[in-house]
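Here the sequence shown stands for residues 197 to 305, where the numbers follow the numbering used here.
The next block holds one structure in the form of structure tokens; read it before the comments.
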Amino acid sequence: MQEIAAALPTSPDKLVRPEFLQSLTHPTGALGRRLRAEDTICTNWTPHVPLRFFTGSADSDVPAANAKSCQQKLARRGVPSTITDVGPVDHNRTAELAYPQILDWFARL
């Protein structure tokens with residue numbers, strides 16, 4: 197796995213054709229329908245507990261904009277939440293830095 201990861205390009209545009217990236221940016225057809233169906237957690241769910249999002253500004257797996265978008269959608273329904281940016285780190289490091297904060301928060305609830 198490490199050999200494969202090390203050999204991959206650093207940018208998706210060096211790995212796939214531009215048409216494929218365009219289809220991900222503006223999905224249509226079956227892919228678009230499926231993505232829209234799966235993108236309802238922030239619109240079809242109303243939590244009744246405190247909610248926090250943790251992001252890393254260098255996370256290329258889950259962009260910080262996802263947390264902001266979800267926060268805005270939830271706020272329209274009166275659900276308060278906070279976003280904590282743990283810094284310019286990737287997805288795995290975001291989780292590593294967030295877990296201790298989450299555990300501390302849970303311990304204080």
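Glycine included, C-beta positions come from ideal geometry on N, C-alpha and C.
Just to confirm before moving on: does the CB-CB distance between residue i and residue j stay below 9 angstroms?
{"i": "HIS287", "j": "ASP255", "result": "yes"}
{"i": "LEU217", "j": "PRO223", "result": "no"}
{"i": "SER277", "j": "ARG248", "result": "yes"}
{"i": "PHE250", "j": "ILE200", "result": "no"}
{"i": "ASP281", "j": "ALA260", "result": "yes"}
{"i": "ILE279", "j": "ALA263", "result": "yes"}
{"i": "PRO158", "j": "LEU270", "result": "Because the chain is modelled from 197 through 305, residue 158 falls outside the range shown and cannot be assessed."}
Quick one: give me the first and last residue of the alpha helix (DSSP H) that residue i is part of.
{"i": "ASP300", "result": "287 to 304"}
Could you pull the start and end residues of the beta strand (DSSP E) that residue i belongs to?
{"i": "THR206", "result": "No beta strand (DSSP E) contains THR206, which DSSP labels as neither H nor E."}
Assuming residue i and residue j make a contact with CB atoms under 8 angstroms, what is their CB distance in whole Å?
{"i": "GLY252", "j": "GLY283", "result": "6 angstroms"}
{"i": "LEU220", "j": "LEU211", "result": "That belief does not hold up - the Cβ atoms of LEU220 and LEU211 are roughly 12 angstroms apart, past 8 angstroms."}
By Cβ distance, which residues of its chain are closer than 6 angstroms to residue i, with the 5 residues on each side in sequence left out?
{"i": "VAL285", "result": "GLY252 and ALA254"}
Only counting the same chain, and skipping five residues up and downstream in sequence, which positions put a Cβ closer than 7 angstroms to that of residue i?
{"i": "GLN267", "result": "PHE249, SER277 and ILE279"}
Using a Cβ-Cβ cut-off of 8 angstroms (strictly less than) and excluding sequence neighbours within five positions of residue i, which residues of its own chain qualify?
{"i": "ILE139", "result": "With the chain running from 197 to 305 in the structure shown, residue 139 is simply not present."}
Query raised in the report: Which runs of the beta strand (DSSP E) fall wholly inside the segment 215 to 265 and span at least 3 residues, in chain order?
Result: The segment 215 to 265 contains these whole beta strand (DSSP E) runs: 248 to 251.
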